[in-house]
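Note sheet for the following structure.
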Amino acid sequence: MRILFMGTPDIAAESLNALIAAGHNICAVFTRADKPVGRKQILTAPPVKQTAEANGIPVYQPRTLRDGSSDELIKSLAPDIIVVVAYGCIIPPQLLHVAKYGCINLHVSLLPKYRGSAPIQWAVLNGDTETGVTIMQLDEGLDTGDILYVQPVAIDPDMTSGELFDRVSAIGAKTLVEVLPKIEAGKLTPKKQEESLATKAPSLTKEMAQFDFTQPAAHIHNWVRGMNPWPMAFFMHDGKKIKVTASKLSENPANAAPGSVLAVKPLTIACQDGAIVLDSVTPEGGKSMAGTAWAAGRRLKAGDSL
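The following block contains the structure:
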């Protein structure tokens, strides 16, 4: 099949690499514009563009597809299928059926659960033990198209969003390679999504990352995992943000008011329900350090309150 690939970030680049390695014919790639990156704001091509150029695949970077300016180009490419992985642009109705096998999308959740831009993070934030990869037909809605294939993915108890992202990226790429021949052979039957089961996964914000110790320990631990690597969960202490980059649930009972320091080696804090160990923290304006080291610097001791 002639594949027109649309995608932008690392997860899309991994899928593109897998398709290339499997010998698929990628006729062209559509991706977002180059962007300034880092402190020096160096103009940098998105990962998908870098992958395509390294493999001699034509790259197009339209600002939008909605205005119809790319319609004739896409038709002239004569793709058998359009594959979308985290492209970042809305695919307008007139392009959904240009290709023989339509337009498919790889979404990293078990649809209809977690429709939206942050499905991986919300699966971790909510303490789920399983998520997945869904290959779906694109329609005019947001992640509402018919489901072609689902591959469940386990979430480990202490796994961060970043770690889950890596796992899902690899499984998603492998799944995409396996599904395309099934689509061409007509072996997959589209299945409507159950709207009553639909949930949303909106983008995260820095403000959402704050927690306090009046919340259950399990919730805080999920927040620390889910907000890592961005924007990083934090609590306030003496008017400053203390980011928590790693935590674990304490096996010891709290038996103290929420926010009470139960121990400093390791740094263990009582919560509304249970206690949490702050393994690694980053004080505002400082560098990442062990929770025990931060506690020592603040001269905290058992019985103190955060």
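At position 100 of the sequence shown the residue is numbered 1587 (our numbering), and the sequence of numbers has no breaks.
The C-beta atom is built at its ideal place from N, Cα and C for all residues, glycine as well.
Model, not experiment: these values are computed from the prediction.
Within the DSSP secondary-structure output, Pro-1770 pairs in a beta bridge with Ile-1729. Listed as beta-bridge partners of Gln-1697 by DSSP are Phe-1721.
Under DSSP, Leu-1754 takes part in a beta bridge, and its partners are Val-1751. Residue state for Ser-1792 is assigned as strand, using DSSP reduced to three classes.
Residues Val-1585 of the same chain have their beta carbon placed closer than 8 angstroms to that of Lys-1562, with the five preceding and five following residues left out of the count.
Under a 10 Å Cβ-count criterion, Leu-1684 is classified as exposed, with fewer than 16 other Cβ atoms of the shown protein chains found around its own Cβ.
Cβ neighbours of Leu-1597 within its own chain (closer than 8 angstroms, five residues either side excluded): Glu-1617, Thr-1618, Gly-1619, Thr-1621, Val-1637, Pro-1639.
DSSP, reduced to helix, strand and coil, places Asn-1542 outside both helices and strands of the structure shown, so it counts as coil. No Cβ-Cβ contact shorter than 8 angstroms links Met-1623 with Ile-1577.
The Cβ-Cβ distance between Met-1719 and Thr-1732 falls below 8 angstroms.
Taken atom to atom, the span from the alpha-carbon of Ile-1658 to that of Gly-1746 is near 40 angstroms.
For the pair Leu-1552 and Leu-1491, the CB atoms are not nearer than the 8 angstroms cut-off. Using a Cβ-Cβ distance cut-off of 8 angstroms, the segment 1759-1769 and the segment 1662-1682 are not in contact, since fewer than three pairs of beta carbons, one from each stretch, lie closer than that value. In this structure, Pro-1533 lies near Thr-1495, with their beta-carbon atoms less than 8 angstroms apart.
Where Ala-1641 is concerned, the enclosing beta strand (DSSP E) starts and stops at 1634-1641. For Tyr-1547, DSSP records a beta bridge to Phe-1517. With 16 or more other CB atoms across the displayed protein chains lying within 10 angstroms of its CB, Ser-1656 is buried. Rounded to the nearest angstrom, the Cβ distance from Trp-1710 to Leu-1612 is 6 angstroms, consistent with a contact under 8 angstroms. In the DSSP annotation of this structure, Gln-1608 is not part of any beta strand (DSSP E); the continuous alpha helix (DSSP H) holding it starts and ends at 1606-1612.
Shown here, His-1708 sits in a helix according to DSSP, grouped into three states. Sixteen is the threshold: when 16 or more other Cβ atoms of the shown chains lie within 10 Å of the Cβ of Ile-1707, as they do, the residue is buried. Taking a 10 Å sphere around the C-beta of Glu-1501, we find 16 or more other C-beta atoms and assign the residue as buried. Between Asn-1715 and the set Val-1764, Phe-1652, Val-1748, Glu-1738, the nearest pair of CA atoms involves Phe-1652. In the DSSP annotation of this structure, the continuous segment of the alpha helix (DSSP H) that includes Gly-1649 starts and ends at 1648-1671.
Note on geometry: alpha-carbon atoms of Asp-1615 and Val-1751 lie some 30 angstroms from one another. Of the candidates Ala-1610, Ala-1777, Ala-1509, Gly-1543, Ala-1610 places its Cα closest to the Cα of Ala-1688. Beta-bridge partners of Val-1535 (DSSP): none assigned. Residue pairing from DSSP places Cys-1590 in a beta bridge opposite Ile-1569. Sorting Ala-1509, Asp-1497, Met-1488 by C-alpha distance to the C-alpha of Lys-1661 places Ala-1509 at the top.
Beta-bridge partners assigned by DSSP to Glu-1617: Ala-1641.
Going by C-alpha positions, Lys-1728 is about 18 angstroms away from Thr-1755. In the structure shown, Ser-1563 falls within a helical segment according to DSSP collapsed to helix, strand and coil. Per DSSP, the beta-bridge partners of Ile-1763 are Leu-1736, Ile-1756.
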